[in-house]
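Numbering (my numbering), first residue to last: 177 to 360. Beta carbons are placed, not taken as given, at the ideal position from N, Cα and C, and that holds for glycine. Note that the structure is predicted; figures quoted are calculated from it, not measured. Before any comments, here is the structure.
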Amino acid sequence: MFRILKDINHNLNRSLANDPAAHSKLEVILLYPHIKALAFHRVSHFLYRHHMFFLARLNSNIARFWTGIEIHPGAKIGRGLLIDHGMGVVIGETAEIGDDCQIYHGVTLGGTGKQHAKRHPTVGNNVMIGAGAKCLGNIYIGDNAKIGANAVVITDVPEGTTFIGLAAKDKRCKHACVCDGIIE
């Protein structure tokens with residue numbers, strides 16, 4: 177329990193230090209949904225680790241209803257995560273997030289299949305993931321990497337790099353070609 181409170185306090189301090197719109201701890205506690213979502217997640221994750229799956233999911237669903245941020249109880253989240261304008265963030269069951277990361281609204285750390293093994297991204301430390309980005313599958317995003325807004329990431333991201341853009345393409349095209357009237 178003490179660790180949960182310590183982590184919440186760390187998140188409060190990071191919010192104050194990194195968000196110019198934040199003016200006080202009280203404001204952050206009362207008005208910033210990511211603080212509530214992460215506090216609920218710490219409890220949900222504890223329950224999940226102790227095989228109280230129903231209670232863990234119930235708690236995480238209450239948090240999702242209250243905050244608009246969906247974090248599966250199985251997700252492993254480091255200290256200092258900022259979820260700025262968090263509405264629509266989805267973090268899957270086997271996702272792992274390092275320390276002092278920043279995620280914007282509409283981000284998905286999702287799976288690409290129904291396998292029971294690791295199927296969600298692992299995010300290193302000090303990573304920034306822009307609004308609307310989709311990071312999918314068992315991929316690794318290295319320390320100090322940046323993912324641009326609305327990017328679709330399905331491959332590993334080396335540490336210290338910036339990834340932007342969409343990965344989607346017509347799987348019928350192996351080289352530059354015309355598919356459905358669009359030149360690649």
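Out of M304, D319, I247, which one is the CA nearest neighbour of A325? Counting from one through the sequence shown, the residue named residue 325 turns up at place 149. Closest option to A325, Cα to Cα, is M304.
Which one of T298, H227, I180, L223 has the shortest CA to CA distance from I211? Taking the sequence shown and counting its residues from 1, one reaches residue 211 at position 35. Out of T298, H227, I180, L223, I180 has the C-alpha closest to the C-alpha of I211.
Identity of the residue in G256, D332, T288 nearest N185 by Cα: Position 9 of the sequence shown, counted from the first residue, corresponds to residue 185. N185 has its Cα closest to that of G256, out of G256, D332, T288.
Can you give the beta carbon distance from G308 to D275, rounded, assuming they're within the 8 Å contact cut? Reading the sequence shown from its first residue, position 132 is the one you call residue 308. Reading the sequence shown from its first residue, position 99 is the one you call residue 275. At roughly 24 Å, the Cβ-Cβ gap does not stay under 8 Å, so G308 and D275 are not in contact.
Express the C-alpha separation of Y280 and M263 in angstroms, rounding to a whole number. Your numbering for residue 263 matches position 87 in the sequence shown. Your numbering for residue 280 matches position 104 in the sequence shown. Going by the C-alpha atoms only, they are around 9 Å apart.
I'd like to check one pair, A327 with I340: are the Cβ atoms closer than 8 Å? Counted from its first residue, the sequence shown places residue 340 at position 164. Counted from its first residue, the sequence shown places residue 327 at position 151. Cβ atoms of I340 and A327: closer than 8 Å.
Other residues of its chain near E269: CB distance less than 6 Å, five sequence neighbours each side excluded: Walking along the sequence shown from the start, residue 269 turns up at place 93. For E269, where only same-chain residues beyond five positions count, the Cβ hits under 6 Å are H248, G250.
Span separating the alpha-carbon of T338 from that of N301: Walking along the sequence shown from the start, residue 338 turns up at place 162. Walking along the sequence shown from the start, residue 301 turns up at place 125. Taking the straight line from one Cα to the other gives about 14 Å.
Can you tell me the Cβ-Cβ gap for L285 and A271, rounded? I've got them flagged as a contact below 8 Å. The sequence position of residue 285 within the sequence shown is 109, counting from 1. The sequence position of residue 271 within the sequence shown is 95, counting from 1. Between A271 and L285 the Cβ distance is about 4 Å, and since that is below 8 Å, they are a contact.
Simplified DSSP assignment, three categories, for L257: Walking along the sequence shown from the start, residue 257 turns up at place 81. In this structure, L257 counts as coil in the three-state DSSP scheme.
Under 8 Å between the Cβ atoms of F216 and S191? Here residue 216 corresponds to residue number 40 of the sequence shown, with the count starting at 1. Here residue 191 corresponds to residue number 15 of the sequence shown, with the count starting at 1. Cβ atoms of F216 and S191: not closer than 8 Å.
Can you tell me where the beta strand (DSSP E) holding Y280 begins and where it ends? Taking the first residue of the sequence shown as position 1, residue 280 is located at position 104. Note, Y280: beta strand (DSSP E), 278-280.
Sort out for me which residues DSSP pairs Y224 with in a bridge. Locating residue 224 in the sequence shown gives position 48, counting from the first residue. According to DSSP, Y224 bridges with nothing at all.
Return the CA-CA distance between A352 and K294, expressed in angstroms with no decimal places. Here residue 352 refers to the residue found at position 176 of the sequence shown. Here residue 294 refers to the residue found at position 118 of the sequence shown. Note on A352: pLDDT 49, under 50, position unreliable in the model; the coordinate value appears next. Taking the straight line joining both Cα atoms gives about 33 Å.
Contact check, G244 vs P297, beta carbons under 8 Å: Against the sequence shown, residue 244 aligns to sequence position 68. Against the sequence shown, residue 297 aligns to sequence position 121. Cβ distance not < 8 Å, so G244 and P297 don't count as in contact.
Report the CB separation of A321 from G336 in whole angstroms; it is logged as a contact under 8 Å. Here residue 321 refers to the residue found at position 145 when the sequence shown is read from its first residue. Here residue 336 refers to the residue found at position 160 when the sequence shown is read from its first residue. The pair is a contact, with the Cβ atoms about 6 Å apart (cut-off 8 Å).
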